[in-house]
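S.K.: What follows is a single structure, and I will ask about it in a moment.
Protein chains in written order, with this note's numbering: chain A, 1 to 246; chain B, 247 to 472.
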C-alpha cells in the first residue's frame, strides 16, 4: 500500500510540526523558535540561503560519488578474493573505526584549508562503509552463475554488466542510502571547521550570533534537499533495479 | 577436427582423492552417458571437462568450437528476460533467432518474462534453448532430468534429443538413471569405486531411432540385470 504509506508519513510529519509549534508557544523562548519564525529566518537570508545550500550540495555530491566509486571497487575486490580480503581486512577495520573528526583535522593539517582536503576528508570517512557493504555483496555472488558465464564464454565486460553488477544492486542501494545520510552530516562538520561557505559554515556563523531560527532554517533546508534526492532518485532507481523479482 | 579427449589421472578435494584414472576418447558427434550413483563424482568430472575446474592432474581436449552446458538447475540470469538470457550469450544470433528457439521449446508466450515469474519447468526449457542458441560443438549436461515428474521427464527428454539432433554436438551427460542413459546415449561410461574411475565402457547396440521404451527396457535388463 504505497499510497497509504506516504499518507502516514505526511500525518506523522504534521504531528512533529504540531508538537514543535506547541512547545515553542509554551516556552516563548528565543532558543526554540516556532516554524513560522524559522520560515521567516530563511526568507531573511534571501539568495544567500540557496547559495550556501548549493555549495554544500556540490560537496556532498562530489564526496559521495568519489566514496561510492573507490569504496565499491575496494569492497568488490575484497569480497571476490580471499587474498585481498586477508591482506586489507585489518586496514578496513582501522578506517571504519577512525573518528570522522580525526580524518578531517588531519586532512586540513596535511593538505591545508582547501576544497580538495575537505572533499577528501569526507570521502575517506565514507569509503570504508561502502567497502564493507560491497564486500558482503562480493561474497554473496552466485558461484552457479559465475560458472555459467565461464562455460558460455562471456567477456569480462558482459560478466560485469549482466552477471555481477545486477547481483550487487541491492548492496549499492544500501551503501548509497546510508552514504547519503552520513556524507552530508560530515560535510557540515568539514565546512564548520575550515570552509568559508556552505550550510555548515552558516550554522557556525549563526551560532556565534545565537540565531537559532537561522540555524534551523539552514538545517531543515538541507534535510528537504536530501529527502528529494532519496525519493526522487534513489527510490525510483531501486524500484527499477528490482523489477525482475517475483 | 579432433574429438573430445579425456585423460584425467587424479582429482583431489581437501586431501581426498575423488577421481582416479578416467580416460575416454569420444568421437565427434557421439552421445555419451556418465552413469553412476549420486555423489560418485559425475558433476566433478563434468566441471573438469567444462574447464570451470582446472585443478586436476591430467588433460582434457575439447573439440574446437563453442561449449554449451545444461546444469541441474536452470542458471538463468533472474534480472534478464528469457529472450535476453539467450541473446547475451556469445554465439547466440539475433533476437528473432532467440525467439524462434524459445518457441521451439514451447515458450513463445513467455519470451519477455523474467525467469522467476515463470515455472521451474519453463526455466529449464529456456536453459535448453540457450544451449541450442550457441550452436555448440560440445554439449555437457549435468543430471538434466533430475527431480522431474515422469511426464515432465518425457517432455524434457524429447527436447534434449532435439537439442542434440539440432546441434549435432558431441554430447556428454551425467545421470544415475540407467533407463535415461540408454534412451539418450550412444555409449555408456560407468563410474564406480573410490576414487571413482571408469569401471565399464559400452556402446549401445540400439540405433538412435530404435531407442523407444520397450527395446531400451530390454537392454537395461540385459546390461544391468533386473
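Glycine residues also receive a C-beta, built at the ideal position from the N, C-alpha and C atoms.
Only a predicted model underlies this, so the values are computations on that prediction, with no experimental measurement involved.
1. Once DSSP output is grouped into helix, strand and coil, what is the label at residue 287 of chain B?
2. When burial is assigned at 16 or more other CB atoms within 10 Å of the CB, is residue 48 of chain A buried or exposed?
3. According to the Cβ coordinates, are residue 193 of chain A and residue 104 of chain A closer than 7 Å?
4. Interface residues of chain B around residue 245 of chain A at Cβ under 7 Å?
5. Does DSSP classify residue 388 of chain B as helix, strand or coil?
6. Assess contact between the stretch 147-158 of chain A and the stretch 214-232 of chain A, defined as three or more Cβ pairs (one per stretch) separated by less than 8 Å. Is contact present?
7. Cβ closer than 8 Å: which chain A residues qualify as neighbours of residue 544 of chain B?
8. Taking its Cβ as the centre, do 16 or more other Cβ atoms sit within 10 Å of residue 250 of chain A, making it buried, or is it exposed?
9. Quick one: is residue 238 of chain A near chain B, going by C-beta distance under 7 Å?
10. DSSP three-state call for residue 421 of chain B: helix, strand or coil?
11. Cβ closer than 8 Å: which chain B residues qualify as neighbours of residue 82 of chain A?
12. Closer than 9 Å, Cβ to Cβ, to anything on chain B: give me those residues from the stretch 150-165 of chain A, in chain order.
13. Could you tell me whether the stretch 56-64 of chain A touches the stretch 97-114 of chain A, where touching means 3 or more Cβ pairs closer than 8 Å?
14. Determine the direct distance from the alpha carbon of residue 77 of chain A to that of residue 270 of chain B, and round the result to whole angstroms.
15. Against residue 145 of chain A, what residues of chain B qualify as contacts under a CB-to-CB distance less than 7 Å, listed in chain order?
16. Going along chain A in order, which residues have a C-beta closer than 9 Å to the C-beta of residue 296 of chain B?
17. For the stretch 339-394 of chain B, which segments carrying the beta strand (DSSP E) assignment without a break, of at least 3 residues, lie completely within its bounds, in sequence order?
18. Cβ-heavy atom distance between residue 146 of chain A and the ligand SAM below 6 Å?
19. Does residue 335 of chain B come within less than 7 Å of chain A when only Cβ atoms are used?
20. Per DSSP, what kind of secondary structure is residue 51 of chain A in: helix, strand or coil?
21. How long is the line joining the alpha carbons of residue 142 of chain A and residue 376 of chain B, rounded to whole angstroms?
22. Helix, strand or coil for residue 300 of chain B, going by three-state DSSP, please let me know.
23. To the nearest whole angstrom, what separates the beta carbons of residue 458 of chain B and residue 415 of chain B, a pair I think is in contact under 8 Å?
24. Is it buried or exposed, residue 126 of chain A, if we count other Cβ atoms within 10 angstroms and call 16 or more buried?
25. If you check the beta carbons only, do residue 380 of chain B and residue 312 of chain B fall under 7 Å apart?
26. Does residue 157 of chain A pass the burial test, meaning 16 or more other C-beta atoms within 10 Å, or should it be called exposed?
27. Checking contacts by CB at 7 Å: is residue 315 of chain B closer than that to chain A?
28. Determine the contact status of residue 69 of chain A and residue 195 of chain A, defining contact as a CB-CB distance below 7 Å.
29. Any Cβ of chain B within less than 7 Å of the Cβ of residue 19 of chain A?
30. If you reduce the DSSP assignment to three classes, tell me which class residue 247 of chain B lands in.
31. What residues in its chain sit with their C-beta under 7 Å from that of residue 356 of chain B, if we drop five residues either side in the sequence?
32. Under 8 Å: do the stretch 343-355 of chain B and the stretch 265-281 of chain B share three or more Cβ pairs, one atom per stretch?
33. Can the beta-carbon of residue 446 of chain B be found less than 7 Å from the beta-carbon of residue 436 of chain B?
34. Report the start-end ranges of each alpha helix (DSSP H) in the stretch 18-73 of chain A that is 4 residues or longer and not cut off at the edges.
35. Taking 7 Å as the limit between beta carbons, can you name the residues of its chain near residue 134 of chain A, skipping five residues before and five after?
36. What's the C-alpha gap between residue 264 of chain A and residue 304 of chain B?
M.R.: In this structure, then:
1. coil
2. Exposed: under 16 other Cβ atoms inside 10 Å.
3. yes
4. Scanning chain B for C-beta atoms nearer than 7 Å to the C-beta of residue 245 of chain A yields 362, reported in chain order.
5. strand
6. With a cut-off of 8 Å, the stretch 214-232 of chain A and the stretch 147-158 of chain A do not count as touching, because too few Cβ pairs lie within range.
7. With chain B running from 247 to 472 in the structure shown, residue 544 of chain B is simply not present.
8. A query on residue 250 of chain A cannot be resolved here, the shown segment of chain A reaching from 1 to 246 and no further.
9. no
10. Collapsing the DSSP output to three states places residue 421 of chain B in a strand.
11. Result: empty, since nearest Cβ-Cβ is about 15 Å, beyond 8 Å.
12. 150, 151, 152, 153, 154, 155, 158, 161, 162, 163
13. Cβ pair count under 8 Å is below three, so no.
14. If you take the alpha carbons of residue 270 of chain B and residue 77 of chain A, they lie about 39 Å apart.
15. 321, 323
16. 147, 150, 151
17. 384-388
18. Ligands are entirely absent from the displayed structure, and the ligand SAM is therefore not among its contents.
19. yes
20. helix
21. Distance between the alpha carbons of residue 142 of chain A and residue 376 of chain B is about 19 Å.
22. coil
23. So it is not a contact: roughly 23 Å between Cβ atoms.
24. Residue 126 of chain A counts as buried, since at least 16 other C-beta atoms from the protein chains shown sit within 10 angstroms of its C-beta.
25. yes
26. exposed
27. yes
28. no
29. no
30. Caution is warranted here: a pLDDT of 49 is assigned to residue 247 of chain B, below 50, making its placement in the model unreliable, and no coordinate value can be reported.
31. 328, 364, 368
32. no
33. yes
34. 35-45
35. 71, 72, 75, 76, 79, 168, 171, 175
36. One cannot answer for residue 264 of chain A here, as it falls past the ends of chain A, which runs 1 to 246.
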